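For the protein sequence lines, the chains are A and B, in the order given. Residues in the first sequence are numbered consecutively from 7, following this note's numbering. Residues in the second sequence are numbered consecutively from 57, following this note's numbering. Step one of this worksheet: look at the structure below.
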Amino acid sequence: MTDNMFKGFSVPIYFTDKRKMSNTLTKNLLVRRIAILVFTSFSMIAHCQVISYMDSLNVGKYKGMADFQYKVVENDTILDGPFQLQRSNLGALLSKSDYSFLFKGVFKENYPNGYWKFQFGEFQSDSITQVLDYQYILNITGTQEEAEGILDNGKPDGIWTITKNRIKDSELDEVLFKSTIDFENGVPQKSLRIENEGSILVGRFLRYGLAHDEWTLYSEDDIDVVERWYFKDGRLEKIELNADGENKEINLYQSRILDGRIITLDDNYLKILSVIQQSVDTFDLSQSPINKSLAANAGYYGKIDGILSELGESAFYPEFKVKVPYHPIDSLESAQMDSVKTLYQKSKLISESLLNDTQLTILKMADEDAHFLHSVVVAISENFVHPLGDVLSYHESNILQYVPINELIEHAWPNGKPSTEFVVIGQKNENKIFKGPQASDFDFTQNNIASIYKMAHYATLSLDSIQQVLNDKLTKDKRQQEFIALEERIIAQVNQLNNDLDSLSDKLPLKYMKSFEKIKSTADQNLTRYSKMEETKAKTKFGRHLVRCFESMDILTKALAQQPDRMQVIKEKYQDAIWNPFMANIMNEEVKKRITSAYQRVLIPHLLDRVETELDCDNVDELVGLLNNTHQRMLEMRDEDTSRLERKLKREQDPLVIIQLFNLESIGKTEK
Amino acid sequence: MKVYCKNIVWLSVAFLSCFLSTILAQEAEVLPEESEFKDPSTRVWFNTYGNIRISKRLFWDAQTHFRFEETEDTPFIGQIGQIYNRHAIGYIYSKKVNFSLGGVVRINFNTDENSTARNVVPEWRIWHQYQFAQPLYSAMIYHRIRIEHRWTQGFEENSEYIFRNRWRYMFRAKVPLTNHKLVPKTLYVSPEAELIMQSGKEVVGSVMEDLRLTTTLGYIVTPRLTLAAGLMYSQGQTIENAGIFKQGWTMRFHVYFSPDIRKVKNKLPAIHLDD
Numbered sequence: 007m008t009d010n011m012f013k014g015f016s017v018p019i020y021f022t023d024k025r026k027m028s029n030t031l032t033k034n035l036l037v038r039r040i041a042i043l044v045f046t047s048f049s050m051i052a053h054c055q056v057i058s059y060m061d062s063l064n065v066g067k068y069k070g071m072a073d074f075q076y077k078v079v080e081n082d083t084i085l086d087g088p089f090q091l092q093r094s095n096l097g098a099l100l101s102k103s104d105y106s107f108l109f110k111g112v113f114k115e116n117y118p119n120g121y122w123k124f125q126f127g128e129f130q131s132d133s134i135t136q137v138l139d140y141q142y143i144l145n146i147t148g149t150q151e152e153a154e155g156i157l158d159n160g161k162p163d164g165i166w167t168i169t170k171n172r173i174k175d176s177e178l179d180e181v182l183f184k185s186t187i188d189f190e191n192g193v194p195q196k197s198l199r200i201e202n203e204g205s206i207l208v209g210r211f212l213r214y215g216l217a218h219d220e221w222t223l224y225s226e227d228d229i230d231v232v233e234r235w236y237f238k239d240g241r242l243e244k245i246e247l248n249a250d251g252e253n254k255e256i257n258l259y260q261s262r263i264l265d266g267r268i269i270t271l272d273d274n275y276l277k278i279l280s281v282i283q284q285s286v287d288t289f290d291l292s293q294s295p296i297n298k299s300l301a302a303n304a305g306y307y308g309k310i311d312g313i314l315s316e317l318g319e320s321a322f323y324p325e326f327k328v329k330v331p332y333h334p335i336d337s338l339e340s341a342q343m344d345s346v347k348t349l350y351q352k353s354k355l356i357s358e359s360l361l362n363d364t365q366l367t368i369l370k371m372a373d374e375d376a377h378f379l380h381s382v383v384v385a386i387s388e389n390f391v392h393p394l395g396d397v398l399s400y401h402e403s404n405i406l407q408y409v410p411i412n413e414l415i416e417h418a419w420p421n422g423k424p425s426t427e428f429v430v431i432g433q434k435n436e437n438k439i440f441k442g443p444q445a446s447d448f449d450f451t452q453n454n455i456a457s458i459y460k461m462a463h464y465a466t467l468s469l470d471s472i473q474q475v476l477n478d479k480l481t482k483d484k485r486q487q488e489f490i491a492l493e494e495r496i497i498a499q500v501n502q503l504n505n506d507l508d509s510l511s512d513k514l515p516l517k518y519m520k521s522f523e524k525i526k527s528t529a530d531q532n533l534t535r536y537s538k539m540e541e542t543k544a545k546t547k548f549g550r551h552l553v554r555c556f557e558s559m560d561i562l563t564k565a566l567a568q569q570p571d572r573m574q575v576i577k578e579k580y581q582d583a584i585w586n587p588f589m590a591n592i593m594n595e596e597v598k599k600r601i602t603s604a605y606q607r608v609l610i611p612h613l614l615d616r617v618e619t620e621l622d623c624d625n626v627d628e629l630v631g632l633l634n635n636t637h638q639r640m641l642e643m644r645d646e647d648t649s650r651l652e653r654k655l656k657r658e659q660d661p662l663v664i665i666q667l668f669n670l671e672s673i674g675k676t677e678k
Numbered sequence: 057m058k059v060y061c062k063n064i065v066w067l068s069v070a071f072l073s074c075f076l077s078t079i080l081a082q083e084a085e086v087l088p089e090e091s092e093f094k095d096p097s098t099r100v101w102f103n104t105y106g107n108i109r110i111s112k113r114l115f116w117d118a119q120t121h122f123r124f125e126e127t128e129d130t131p132f133i134g135q136i137g138q139i140y141n142r143h144a145i146g147y148i149y150s151k152k153v154n155f156s157l158g159g160v161v162r163i164n165f166n167t168d169e170n171s172t173a174r175n176v177v178p179e180w181r182i183w184h185q186y187q188f189a190q191p192l193y194s195a196m197i198y199h200r201i202r203i204e205h206r207w208t209q210g211f212e213e214n215s216e217y218i219f220r221n222r223w224r225y226m227f228r229a230k231v232p233l234t235n236h237k238l239v240p241k242t243l244y245v246s247p248e249a250e251l252i253m254q255s256g257k258e259v260v261g262s263v264m265e266d267l268r269l270t271t272t273l274g275y276i277v278t279p280r281l282t283l284a285a286g287l288m289y290s291q292g293q294t295i296e297n298a299g300i301f302k303q304g305w306t307m308r309f310h311v312y313f314s315p316d317i318r319k320v321k322n323k324l325p326a327i328h329l330d331d
């Protein structure tokens with residue numbers, strides 16, 4: 007007995023690398039093993055002795071009370087026997103809400119085997135209790151997910167149903183999701199049925215899980231079919247769907263697939279289809295309701311697979327199979343695609359760093375060459391780098407061999423592949439031609455992987471050479487940190503100004519557009535002037551002046567954008583409610599009409615006109631001051647005794663006189 | 057010649073009717089078998105209504121009307137029948153209720169060309185009025201009770217004043233047509249009905265002096281000026297014989313104005329009557 011006990015103490019419990027059981031489990035087990043072994047050591051004789059575990063346990067993100075059995079074989083922990091992990095917390099439920107789960111089933115030699123049940127709940131309670139037969143009863147409201155079925159050596163076998171129900175006062179309120187799939191040794195059989203968000207998807211399988219016949223999605227509210235996928239032995243012939251009340255037909259694999267491969271119906275398959283579909287722009291397949299239902303279903307299966315994989319061995323995934331044509335890729339092509347990846351990453355890095363370089367943004371305004379090369383980088387980015395990224399994603403998902411290369415090229419370059427020479431628009435709207443280094447050596451007119459590789463190579467070479475030229479320019483043009491910081495501020499200020507000009511102009515009447523255009527052009531002129539200046543102290547001074555100037559222009563933009571609202575405020579302010587004895591009601595009467603008319607018809611048009619014609623960095627503050635002070639004075643004058651002013655305003659059309667009479671001049675000056 | 061003959065015929069008819077009416081007047085008790093309705097006469101009235109604020113709650117109600125009526129020679133607008141001056145001091149009890157008390161002097165012109173009696177006689181009244189307004193959807197409705205104590209005399213030399221009381225109730229609505237409420241630059245339509253009853257020693261049986269049905273179209277130019285025009289049908293018992301009814305069609309043109317002669321500082325706040 008003593009021997010046994012010693013033996014028991016000395017038996018270490020190891021988890022092999024193969025095991026995915028979490029660290030916490032390891033820790034818990036190690037900490038508690040002494041206690042457990044004391045209880046079990048009497049019956050423990052051999053290494054394969056079954057040990058019971060009953061304590062808290064973490065499985066992935068699920069932490070609950072576990073009750074299971076395991077044995078240790080050759081230092082590996084092997085789950086064997088009934089397993090249960092659950093959590094629910096009454097205190098949490100009563101105070102706010104509780105999430106609960108229950109995983110219950112049997113393991114055999116580390117494989118889930120036999121009947122399994124999974125429950126996930128999220129509940130609130132109204133905390134009203136009832137006592138019935140020595141039990142407290144409490145109503146709960148929330149959602150419950152439930153999955154149940156039989157697993158055979160970790161693979162689903164027989165009918166599996168997964169449901170998500172909305173529970174209201176402990177009664178089933180609504181079925182949010184329900185999928186029923188019949189498996190045989192992990193392969194879906196006969197048919198599937200998925201209810202999701204008010205739609206029902208029904209589909210058929212052949213014996214090996216191949217999708218077959220019509221997969222149809224009905225809407226629960228509508229008798230019409232929403233979408234139909236026509237399979238023939240795993241080959242998707244066409245999709246019919248009703249999008250926005252319009253019937254669409256997307257033809258896919260119309261003819262027999264001679265050399266085909268069987269793959270899983272998943273996101274990658276959808277990606278393949280998006281290349282195959284003959285009318286590219288008709289429908290975004292990721293929006294397909296059938297795809298959405300399948301994705302939802304895959305999500306639920308994935309959740310359970312995650313839990314089972316954490317515990318033991320499992321392959322719990324609904325492997326719906328489809329057949330696609332196979333376009334073999336030889337080892338050379340495969341190597342070329344790997345090179346494309348390297349080249350693409352380099353091109354992307356260069357183009358992004360150039361396009362985000364604020365120094366270059368400044369330089370291109372003064373330097374015609376820099377402007378040209380910047381435009382070339384934009385063009386290479388759009389015509390080479392981005393489409394190459396698209397093609398590469400097929401290689402990385404390992405599905406390049408399932409799409410015809412010419413169709414993939416058409417998909418990535420819908421307007422045709424670019425050539426080695428291409429035209430960009432110069433600074434003065436003239437056409438300029440770019441030709442990269444060794445352009446004559448590159449011919450990517452053919453539709454094959456070699457061409458793709460050449461394009462990637464050409465793009466990298468071109469970007470590399472451009473970067474060198476621009477770097478030289480920027481280095482030659484290397485300026486002190488102060489300049490860079492200053493320019494970043496200027497650019498930030500200009501961007502802010504342009505954003506405000508764009509966003510605020512939407513709501514404004516047309517007559518303000520000219521002022522906005524003038525602000526924009528004045529800012530541009532000053533910026534151009536700045537970028538053309540020699541790098542001297544004067545340039546720094548002017549740069550600082552510009553920061554302040556653009557700030558004021560932004561304030562002016564905002565003041566102008568407010569002007570229509572301000573005029574409305576003034577209009578309402580200069581109204582007096584008077585009692586009309588004949589109607590016996592209150593009517594609004596305009597008062598101080600000479601003041602409001604001078605404001606509306608003379609003063610504001612005059613200020614707008616000044617902005618449109620003579621706005622500059624030197625007078626922007628004055629104009630802002632005048633606009634703001636005019637509004638302020640108008641608000642004040644409503645309550646002042648203005649009879650003398652009104653007499654003087656009679657038929658006055660001169661804005662300068664009005665500015666004087668309104669007493670704005672002095673305020674404008676001091677503001678400035 | 058033909059015109060002359062026609063005039064002769066009309067004159068004789070007029071003379072005869074004058075003669076008959078004298079007899080009927082003397083035998084006023086004799087009612088006709090059935091009610092008799094005289095041919096309607098046509099009239100044109102030009103009315104001005106002034107409502108001048110003199111303090112927070114008091115206003116001067118100043119109305120001057122020029123009333124024309126048709127005669128044989130002046131068929132359409134007619135000739136001046138009455139010039140009518142109505143004045144009162146009004147009291148604004150609330151925005152919806154006001155009262156007035158004042159006097160009327162009316163100059164009556166003798167429009168009977170054949171009459172040898174006086175051409176002009178005055179008529180005196182003391183009047184008081186109680187007006188109530190209430191909003192109804194976008195429209196306003198008004199009830200007006202006006203009581204007048206009236207001294208009138210005929211055109212004959214040395215004729216005695218007779219005293220009568222008039223009891224008037226008017227219902228009126230103002231419905232805006234071009235706006236959702238009665239505000240400036242709004243056209244409105246105003247149907248109205250007024251019943252004028254009278255009493256007094258001289259009134260024997262003829263208690264319904266006038267029933268006036270009017271429709272007016274008005275335009276609110278500013279809160280202080282409104283123009284309106286309308287057509288009125290009226291009927292009522294003649295004082296001579298309760299069985300005989302006079303009728304009339306009247307075109308009415310109105311100018312409503314309400315200046316405020318108070319100093320600016322007294323005007324504010326203009327509308328807060330209940331403060």
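Cβ atoms here follow ideal geometry from the backbone N, Cα and C, with glycine treated the same way. Just so it is clear, the structure is predicted and the values come from calculations on it, not from any experiment.
Worksheet entry | Within 8 angstroms of chain B by C-beta, residues of the segment 572 to 602 of chain A in sequence order | 582, 583, 584, 585, 586, 587, 588, 589, 590, 591, 592, 593, 594, 595
Practice prompt. Could you check how far apart the C-beta atoms of residue 408(A) and residue 296(A) are, in whole angstroms? I think they sit under 8 angstroms.
Written response: The Cβ separation is near 20 angstroms, so there is no contact.
Worksheet entry | From 107(A), 263(A), 88(A), residue whose alpha carbon lies closest to that of residue 94(A) | 107(A)
Discussion item. Considering just the uninterrupted stretch of the alpha helix (DSSP H) at residue 664(A), what are its terminal residues?
Written reply: 661 to 667
Item to complete: May I ask you to list, following chain order, the residues of the segment 99 to 113 of chain B that have a beta carbon less than 9 angstroms from some beta carbon of chain A?
Response: 105, 107, 109
Worksheet item: How big is the Cα-Cα spacing for residue 119(A) and residue 68(A)?
Response: 21 angstroms
Item to complete: With a floor of 3 residues, list each beta strand (DSSP E) that falls wholly inside the segment 76 to 145 of chain A, ordered by position along the chain.
Response: 82 to 93, 104 to 114, 120 to 138
Discussion item. 8 angstroms is my cut-off, CB to CB: does residue 314(B) come that close to chain A?
Written reply: yes
Worksheet item: Mind checking whether residue 208(A) and residue 225(A) have CB atoms under 8 angstroms apart?
Response: no
Practice prompt. Sort out for me which residues DSSP pairs residue 157(B) with in a bridge.
Written response: 145(B), 184(B)
Worksheet item: How about residue 270(B): is its C-beta nearer than 8 angstroms to some C-beta of chain A?
Response: no
Discussion item. So with CB distances below 9 angstroms, who are the chain A contacts of residue 335(B)?
Written reply: The shown model of chain B, from 57 to 331, leaves out residue 335(B), and the question about it has no answer.
Worksheet item: Do the segment 491 to 507 of chain A and the segment 550 to 558 of chain A touch if we need at least three Cβ pairs shorter than 8 angstroms?
Response: yes
Fill in: Residues in the segment 237 to 253 of chain B having any Cβ partner in chain A nearer than 8 angstroms
237, 238, 239, 240
Item to complete: Decide if the segment 129 to 138 of chain B is in contact with the segment 146 to 160 of chain B; the criterion is three or more beta carbon pairs, one per stretch, under 8 angstroms apart.
Response: no
Practice prompt. Would you list, in sequence order, the uninterrupted beta strand (DSSP E) runs of no fewer than 3 residues that lie entirely inside the segment 249 to 331 of chain B?
Written response: 264 to 278, 281 to 293, 300 to 313
Worksheet entry | residue 567(A) - DSSP class collapsed to helix/strand/coil | helix
Worksheet item: Looking at C-alpha atoms only, which residue of 457(A), 571(A), 650(A) is the closest neighbour of residue 634(A)?
Response: 571(A)
Discussion item. Using beta carbons (cut-off 8 angstroms, strictly below), is residue 282(B) in contact with chain A?
Written reply: yes
Worksheet entry | the segment 424 to 431 of chain A contacting the segment 382 to 395 of chain A, beta-carbon criterion three pairs below 8 angstroms | yes
Discussion item. To the nearest angstrom, how far is the alpha carbon of residue 205(A) from that of residue 316(A)?
Written reply: 33 angstroms
Worksheet item: Which residues of chain A have a Cβ atom closer than 9 angstroms to the Cβ of residue 115(B), listed in chain order?
Response: 587
Discussion item. I'd like to confirm the pairing. Which residues does DSSP put opposite residue 441(A) in its beta bridges?
Written reply: 427(A)
Item to complete: Return the first residue and the last residue of the beta strand (DSSP E) that residue 103(B) is part of.
Response: 97 to 109
Item to complete: Please report how far the alpha carbon of residue 595(A) lies from the alpha carbon of residue 216(B), in whole angstroms.
Response: 51 angstroms
Practice prompt. Pick out the complete beta strand (DSSP E) segments inside the segment 164 to 230 of chain B, 3 residues or longer, and give them in chain order.
Written response: 176 to 192, 195 to 208
Discussion item. Runs of 3 residues minimum, wholly inside the segment 574 to 650 of chain A: which ones carry the beta strand (DSSP E) assignment?
Written reply: 581 to 586, 591 to 596
Item to complete: Please name the residue, chosen from 304(B), 95(B), 213(B), 206(B), that lies closest to residue 270(B) on a Cα-to-Cα basis.
Response: 304(B)
Fill in: Element boundaries [alpha helix (DSSP H), containing residue 370(A)]
364 to 372
Worksheet item: Quick one: what's residue 221(A) bridged to in DSSP?
Response: 235(A)
Worksheet item: Using a Cβ-Cβ cut-off of 7 angstroms (strictly less than) and excluding sequence neighbours within five positions of residue 466(A), which residues of its own chain qualify?
Response: 349, 352, 353
Discussion item. Can you confirm whether residue 118(B), when its beta carbon is compared against all beta carbons of chain A, has any partner nearer than 8 angstroms?
Written reply: no
Worksheet item: Name the chain A residues whose beta carbon is nearer than 7 angstroms to that of residue 127(B)?
Response: Those do not exist, as residue 127(B) stays about 33 angstroms from chain A at its closest Cβ, beyond 7 angstroms.
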